[in-house]
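If you read the sequences in order, they're chains A and B.
Here this note's numbering = 1-based position in the first sequence + 866.
Here this note's numbering = 1-based position in the second sequence + 889.
Data first, discussion second: the structure below is written as structure tokens.
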Amino acid sequence: ETGVTQTPRHLVMGMTNKKSLKCEQHLGHNAMYWYKQSAKKPLELMFVYNFKEQTENNSVPSRFSPECPNSSHLFLHLHTLQPEDSALYLCASSQGQGDQPQHFGDGTRLSIL
Amino acid sequence: EDQVTQSPEALRLQEGESSSLNCSYTVSGLRGLFWYRQDPGKGPEFLFTLYSAGEEKEKERLKATLTKKESFLHITAPKPEDSATYLCAVREYSTLTFGKGTMLLVSP
């Protein structure tokens with residue numbers, strides 16, 4: 867596989883469930899990102915990891931918990947979510963956090979019942 | 890105030906009808922302006938990076954230009970397969986700030 871792969875592609879969960887989103891990149895990059903994309907709003911940066919170390923946490927509620935075990939894998943653990951958390955969650959990677967472009971996966975469409 | 894503003898929000902063109910999309914920004918220390926294309930149900934696909942005023946990049950029917958306050962994405966003789974949402978993002982420090990995008994529909 868090439869590029870950035872996200873699983874699952876779709877997820878429906880209740881407000882009391884716990885689930886995890888997975889992202890894997892095959893580009894040899896060392897920075898990884900989680901974004902939230904909601905209708906009519908710009909992409910919102912949630913978390914940034916550079917060489918497995920978290921470098922940005924954009925005031926994200928604690929019901930979202932990221933994990934980066936290595937430079938190729940990124941997880942987003944979800945628990946006790948709210949209906950307003952329904953959105954497309956996108957993972958991206960880049961070579962460093964400098965001037966190189968970020969490359970995105972196709973996202974997980976999350977629906978909270 | 891939004892740092893990145895894209896216009897128009899939506900644009901409908903006939904096949905072959907050239908036009909331009911606009912991305913204006915207010916960051917003071919631009920370290921890069923990025924254009925992406927996003928198809929329904931997909932993630933953004935990288936198109937171009939522009940770093941300094943006067944720079945231009947081209948790819949097939951698309952041409953991106955940059956000034957000190959805005960960028961244009963020119964679409965020449967578009968085809969229906971160019972229909973997508975086009976996103977602009979700017980880097981001021983270490984992170985990207987995205988605009989809301991322009992939804993382009995090209996009719997045959």
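Quick reminder that beta carbons are idealized off the backbone N, C-alpha and C, glycines included.
Taken through DSSP and simplified to helix, strand or coil, residue 945 (chain B) comes out as strand. Put simply, the region 893 to 903 of chain A touches the region 960 to 979 of chain A. At least three CB pairs are less than 8 angstroms apart. With a cutoff of 8 angstroms on beta-carbon distance, residue 967 (chain B) and residue 898 (chain B) are scored as not near each other. Taking the beta carbon of residue 988 (chain B) as reference, the chain A residues within 8 angstroms of it are 908, listed in sequence order. In chain order, 934, 936 and 937 place their CB closer than 7 angstroms to the CB of residue 918 (chain A), counting only its own chain and leaving out the 5 sequence neighbours on each side. Secondary structure at residue 970 (chain B): helix, using DSSP grouped into helix, strand and coil. Here residue 929 (chain B) is exposed. Its C-beta has fewer than 16 other C-beta atoms within 10 Å. At a cut-off of 8 angstroms, the C-beta of residue 922 (chain A) has a neighbouring C-beta in chain B.
Under the Cβ criterion (8 angstroms, minimum of three pairs), the region 962 to 979 of chain A does not count as touching the region 952 to 972 of chain B.
Looking from the CA of residue 992 (chain B), the closest CA among B:979, B:981 and B:975 belongs to B:975. Per the Cβ contact rule, the region 911 to 929 of chain B is in contact with the region 979 to 996 of chain B (3 or more Cβ pairs under 8 angstroms). Against chain A, the CB of residue 920 (chain B) has a partner CB under 8 angstroms away; the residue lies at that interface.
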